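2 protein chains.
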Amino acid sequence: MAEYNQLTPELIAELENIVGGDNCLTGEDINEDYSHDEMPIYGTHMPDAVVLPANTDEVSAIMKLASANNIPVTVRGAGTGLVGGSTPLAGGIALCTMRMDKILEYDENNLFVRVQPGVRLCDLAADAIDHGFMYPPDPGEKTGSIGGNVSTNAGGMRAVKYGTTRDYVLAMTVVLPSGEVLRLGREVAKTSSGYSLLHLMVGSEGTLGIITELSMKLIPNPKEDMSFILSFSDIQTAIAAVPKIKLAGLNPQSIEFMERDIVDSSAEYTGNKIIPTVVDGNECGAYILVTLDGNDEDEIFQRAETLAEIGEEAGAFDTLVIEHPADKAAVWAARSAFLTVIEAETEHLDEMDVVVPVDKIAEFLGFIHDTGVENDVLIRSFGHAGDGNLHIYCCGNNIEREAFLEKSTRVMHAAYAKCNELGGQVSGEHGIGHAKKEYLRESVGDTAFSLLSSIKQAFDPKGILNPGKVCN
Amino acid sequence: MAEYNQLTPELIAELENIVGGDNCLTGEDINEDYSHDEMPIYGTHMPDAVVLPANTDEVSAIMKLASANNIPVTVRGAGTGLVGGSTPLAGGIALCTMRMDKILEYDENNLFVRVQPGVRLCDLAADAIDHGFMYPPDPGEKTGSIGGNVSTNAGGMRAVKYGTTRDYVLAMTVVLPSGEVLRLGREVAKTSSGYSLLHLMVGSEGTLGIITELSMKLIPNPKEDMSFILSFSDIQTAIAAVPKIKLAGLNPQSIEFMERDIVDSSAEYTGNKIIPTVVDGNECGAYILVTLDGNDEDEIFQRAETLAEIGEEAGAFDTLVIEHPADKAAVWAARSAFLTVIEAETEHLDEMDVVVPVDKIAEFLGFIHDTGVENDVLIRSFGHAGDGNLHIYCCGNNIEREAFLEKSTRVMHAAYAKCNELGGQVSGEHGIGHAKKEYLRESVGDTAFSLLSSIKQAFDPKGILNPGKVCN
Numbered sequence: 001m002a003e004y005n006q007l008t009p010e011l012i013a014e015l016e017n018i019v020g021g022d023n024c025l026t027g028e029d030i031n032e033d034y035s036h037d038e039m040p041i042y043g044t045h046m047p048d049a050v051v052l053p054a055n056t057d058e059v060s061a062i063m064k065l066a067s068a069n070n071i072p073v074t075v076r077g078a079g080t081g082l083v084g085g086s087t088p089l090a091g092g093i094a095l096c097t098m099r100m101d102k103i104l105e106y107d108e109n110n111l112f113v114r115v116q117p118g119v120r121l122c123d124l125a126a127d128a129i130d131h132g133f134m135y136p137p138d139p140g141e142k143t144g145s146i147g148g149n150v151s152t153n154a155g156g157m158r159a160v161k162y163g164t165t166r167d168y169v170l171a172m173t174v175v176l177p178s179g180e181v182l183r184l185g186r187e188v189a190k191t192s193s194g195y196s197l198l199h200l201m202v203g204s205e206g207t208l209g210i211i212t213e214l215s216m217k218l219i220p221n222p223k224e225d226m227s228f229i230l231s232f233s234d235i236q237t238a239i240a241a242v243p244k245i246k247l248a249g250l251n252p253q254s255i256e257f258m259e260r261d262i263v264d265s266s267a268e269y270t271g272n273k274i275i276p277t278v279v280d281g282n283e284c285g286a287y288i289l290v291t292l293d294g295n296d297e298d299e300i301f302q303r304a305e306t307l308a309e310i311g312e313e314a315g316a317f318d319t320l321v322i323e324h325p326a327d328k329a330a331v332w333a334a335r336s337a338f339l340t341v342i343e344a345e346t347e348h349l350d351e352m353d354v355v356v357p358v359d360k361i362a363e364f365l366g367f368i369h370d371t372g373v374e375n376d377v378l379i380r381s382f383g384h385a386g387d388g389n390l391h392i393y394c395c396g397n398n399i400e401r402e403a404f405l406e407k408s409t410r411v412m413h414a415a416y417a418k419c420n421e422l423g424g425q426v427s428g429e430h431g432i433g434h435a436k437k438e439y440l441r442e443s444v445g446d447t448a449f450s451l452l453s454s455i456k457q458a459f460d461p462k463g464i465l466n467p468g469k470v471c472n
Numbered sequence: 001m002a003e004y005n006q007l008t009p010e011l012i013a014e015l016e017n018i019v020g021g022d023n024c025l026t027g028e029d030i031n032e033d034y035s036h037d038e039m040p041i042y043g044t045h046m047p048d049a050v051v052l053p054a055n056t057d058e059v060s061a062i063m064k065l066a067s068a069n070n071i072p073v074t075v076r077g078a079g080t081g082l083v084g085g086s087t088p089l090a091g092g093i094a095l096c097t098m099r100m101d102k103i104l105e106y107d108e109n110n111l112f113v114r115v116q117p118g119v120r121l122c123d124l125a126a127d128a129i130d131h132g133f134m135y136p137p138d139p140g141e142k143t144g145s146i147g148g149n150v151s152t153n154a155g156g157m158r159a160v161k162y163g164t165t166r167d168y169v170l171a172m173t174v175v176l177p178s179g180e181v182l183r184l185g186r187e188v189a190k191t192s193s194g195y196s197l198l199h200l201m202v203g204s205e206g207t208l209g210i211i212t213e214l215s216m217k218l219i220p221n222p223k224e225d226m227s228f229i230l231s232f233s234d235i236q237t238a239i240a241a242v243p244k245i246k247l248a249g250l251n252p253q254s255i256e257f258m259e260r261d262i263v264d265s266s267a268e269y270t271g272n273k274i275i276p277t278v279v280d281g282n283e284c285g286a287y288i289l290v291t292l293d294g295n296d297e298d299e300i301f302q303r304a305e306t307l308a309e310i311g312e313e314a315g316a317f318d319t320l321v322i323e324h325p326a327d328k329a330a331v332w333a334a335r336s337a338f339l340t341v342i343e344a345e346t347e348h349l350d351e352m353d354v355v356v357p358v359d360k361i362a363e364f365l366g367f368i369h370d371t372g373v374e375n376d377v378l379i380r381s382f383g384h385a386g387d388g389n390l391h392i393y394c395c396g397n398n399i400e401r402e403a404f405l406e407k408s409t410r411v412m413h414a415a416y417a418k419c420n421e422l423g424g425q426v427s428g429e430h431g432i433g434h435a436k437k438e439y440l441r442e443s444v445g446d447t448a449f450s451l452l453s454s455i456k457q458a459f460d461p462k463g464i465l466n467p468g469k470v471c472n
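Protein chains in written order, with UniProt numbering: chain A, 1 to 472; chain B, 1 to 472.
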């Protein structure tokens, strides 16, 4: 990291002047939460000031001040990240976007919504439905901010059919580290107009600029959807069914996989036993959870029949239709509780969210479980079978933090190497932050990594924006 | 442009050594076609040598030689571009990818095809269908290379439903200007693993690196599709129906618009009069051509009924179902012939392919036709109503080239300014090349333009790759 200046009382007064005294916190007024995201195990660092700007102009003024005085700035949304991306490693200013939380405009003719970055995903999703639209990206963490979702290219459950957050960003307003304001992209569906700075910003984790407004694509809300639980003896058999479902043109909205242990934990934790554990006398070892959507109920039923046939051929004990809205809510609540359940049962947690080709999921899961056993680390996992994005947790109880990290890091090294060998990616949707930087370098190689650093240099020559992250 | 060295006989001998004597052309062996793309009006420049490498290693060896000796290299695919992107402005080496024309592998489990960049779109599309897949991007120019399609983020007719070429690029092999070989992306559907160099390469028009292999996403081929012609009194009424069709959740594969004059010309040129000109005694002034696809015929018929209802409410004279495969082929042949028809009738041609918001299409078309009249330039137009991508042609006959260009440039300046005012983009799918550079700068502004140049500098510090294009 570069050398920075300290925030002086004069600079703090200027910050207060920009955002108002109530929206500039210093000293003991700063909540400890601002020192980390949801993975404090990767290290905590307090900022010297927290500012909560209300609009693009205020963000621009903050960055002009920071740039002129060489003060580091780390952007933060809802703080739900999992790779330390919003941890202010160099101190300085934590710039929180959560006061910019307005849904500004629905454009029905051109099918997009204009929002500020601090709108939470759950609020945007619900509001879009009220307007007759679907905002398709559906990451598990619903309270994350939409700015954070764009900054990590969050994916979620529905990526199989609808793609990731990247596919829904039409345009954005960005404040550069210099304080200059750029409008990237336009509210149109096609473009071939120079290198895509818009796509460069997506997934850049607050290191290239600060997103202050977003135009996100919407689709008409599908009228019907139906979920199905296919139960199998083991994970290998379950995963082997996935390419068949995709090849059959069933166009599922989501295909999630679940192993029995996490289903049991979730049932115990939530009291919700909606997912069957024994089917026709067979002990279930693994499941896939499929959702089909569309506008025509009959046509969905037809796809459901094909799904059941494919399931049977692939060795499923059963294809359970989740018909009642209450049951559907219960199933997805069980699925959404997985991370909470793991967190509740675990003292020390390390995690990875690699992506591997769909037909390599079972091999990777076998490898990671074996590697856990070899290193005496409990592994829990679940994830997106339809796109190969796996959430893998190293869990430690009754062990010192350092001793745990030594073990979990061994597991991580082996697992990321295996992921590379299988043609996978370091992260599907959580990003790199500072926790996964070295794994990114190993994965992409020195030449590509140095291109990333050159791009960072072009946007942020002083290196003041989110230092220590991704490639800097 | 930078200062370059000339190709010496020694360097040509080295090139021959790399690609074989038959695949290195110099002097009078170089066909004049290599001096331009499909728009010679933007200027022609002969290369000093044309090389046709067979694989990544040969491309890498060529670039190492060019880099060490400061020789400019311009990449060329099928030469079907429309903005002078493959014109070797600085002479030097024209590197043609068309010998790298193999479809290498279909991966059915992970739904992608691995190809060399010189495969033509029509060949990939047909071969994919033979394998049970659809390669969704469908630009009008079917003989373009897939490498060129990626380099311009080509869009085409089906972008309304399926997106543009960008959305189908999973991974690529790239040779950097230095000759280093990078593998970007992976054959997986999700990633949040550092700034997306893959998305930076898409649409970079051969200025950042040379694509030597591509992994393109496929989808299962929809079993059914049906096309419909909706006829209207005028273009305003026709275009006003488009947002209604999209909002209704009909999920059309394509929505094209056609004005009467071009339909008449096409009918005359092709002898194919499939598109009606009078319906129930009403003279048709404009049309939209809609295609619906899916796996269930009944469900498509249901959507077709809704389409007809929407059409009627929006003032369509009729919604003509194109049932016979022969009729469907005839309608799409008529549509595909538009550019050919214009070229056949025109001595001097200048063109733009702006994108505007869908509900601004009619306003823009009105403006451009008025501007044509004011400047005494005949305007022809057609395009993609579903995504606002308009193909606009300035046509000149019985006039000197320079006099025509003076007039058409006035029209272009006014039209690009209007496009900016309406929130549009300079190019939907043709790119920037050297013909549209100044319009790009005006559209994105100096700050963004200089970021583009910095990125170019990071990839190509010597400026040897495709000089004079996009932002350099």
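Ideal Cβ positions, reconstructed from N, Cα and C, are used throughout, including at glycine. Here the structure is a predicted model, which is why all the values come from computation and not from measurement.
Around the beta carbon of A:Leu104, fewer than 16 other beta carbons lie within 10 angstroms, which makes this residue exposed. Nearest CB-CB separation between B:Lys142 and chain A: not below the 9 Å threshold. With a cutoff of 9 Å on beta-carbon distance, B:Thr212 and B:Thr56 are scored as near each other.
Proximity of A:Ser193 to chain B, defined by a Cβ-Cβ separation below 9 Å, is satisfied.
Three or more beta-carbon pairs separated by less than 8 Å are not found between the segment 62–72 of chain B and the segment 109–119 of chain B, which leaves the two stretches without contact. Contact check for A:His430 against A:Gly468 fails: the beta carbons are separated by 9 Å or more.
Around the C-beta of A:His324, fewer than 16 other C-beta atoms lie within 10 Å, and the residue is accordingly described as exposed. For B:Ile239, the closest C-alpha among the options B:Ala154, B:Ala337 and B:Leu365 is that of B:Leu365. Along the segment 100–119 of chain A, going in chain order, the ones with a CB nearer than 7 Å to a CB of chain B are Glu108, Asn109, Asn110 and Leu111. Straight across, the Cα-Cα distance linking A:Gly206 with A:Gly79 is about 13 Å. Secondary structure remark: continuous alpha helix (DSSP H) runs of at least 4 residues inside the segment 229–284 of chain B, in chain order: 235–247 and 260–270.
No Cβ of chain A is located within less than 9 Å of the beta carbon of B:Asp327. Taking C-beta separations shorter than 7 Å and ignoring five residues to either side along the sequence, the partners of A:Asp138 in its chain run Gly156, Met157 and Arg158, following chain order. Contact annotation, A:Met98 with A:Gly77: C-beta distance approximately 7 Å; criterion of less than 8 Å satisfied.
Among the bridge pairs identified by DSSP, B:Cys96 is matched with B:Arg76. Look at A:Met46 here: in three-state DSSP terms it is coil, with no helix or strand label. Nearest to A:His391 by C-alpha distance, out of A:Asn420, A:Gly372 and A:Ser427, is A:Ser427. Among the residues facing chain B, A:Leu307 is not included, as its CB has no counterpart in that chain under 9 Å away.
By the CB criterion at 9 Å, A:Lys456 and A:Gly463 fall inside the cutoff. Rounded to the nearest angstrom, the gap between the Cα atoms of A:Ala128 and B:Thr340 is 43 Å. In the three-state DSSP reduction, A:Pro220 falls in the strand class (E or B). If you compare the alpha carbons of B:Glu38, B:Gly91 and B:Ala66 with that of B:Gly27, the shortest gap goes to B:Gly91.
Identification of chain B residues near A:Thr164 by a Cβ-Cβ cut-off of 7 Å yields Lys190, ordered along the chain.
Under the three-state reduction of DSSP, B:Cys471 is assigned to coil, being neither helix nor strand. The shortest C-alpha to C-alpha distance from B:Arg380 to any of B:Glu406, B:Ile399, B:Arg401 and B:Ala344 is the one to B:Ala344. Counting C-beta pairs closer than 8 Å gives three or more between the segment 248–259 of chain A and the segment 290–301 of chain A, which meets the contact rule.
Here A:Glu105 carries a strand assignment [DSSP, helix/strand/coil]. Boundaries of the alpha helix (DSSP H) around B:Asp127: Leu121 to Asp130.
Short of 8 Å from the beta carbon of B:Thr164, and not among the five residues preceding or following it, lie these beta carbons of its own chain, in chain order: Pro137, Asn153, Ala154, Gly155, Gly156 and Glu429. Here the alpha carbons of B:Arg186 and A:Phe257 stand approximately 22 Å from one another. In this structure, DSSP gives A:Asn397 a state outside helix and strand, which the three-state scheme calls coil.
Residue pairing by DSSP places A:Thr165 in no beta bridge whatsoever. Under the three-state reduction of DSSP, B:Arg441 is assigned to helix.
Contact between A:Thr87 and A:Thr143 is absent: CB atoms are separated by about 18 Å, not below the 8 Å threshold.
B:Val358 and A:Lys217 have their C-alpha atoms spaced approximately 13 Å apart. Taking each of A:Ser265, A:Tyr135, A:Leu184 and A:Gly179 in turn and checking the Cα distance to A:Lys161, the smallest one comes out for A:Tyr135.
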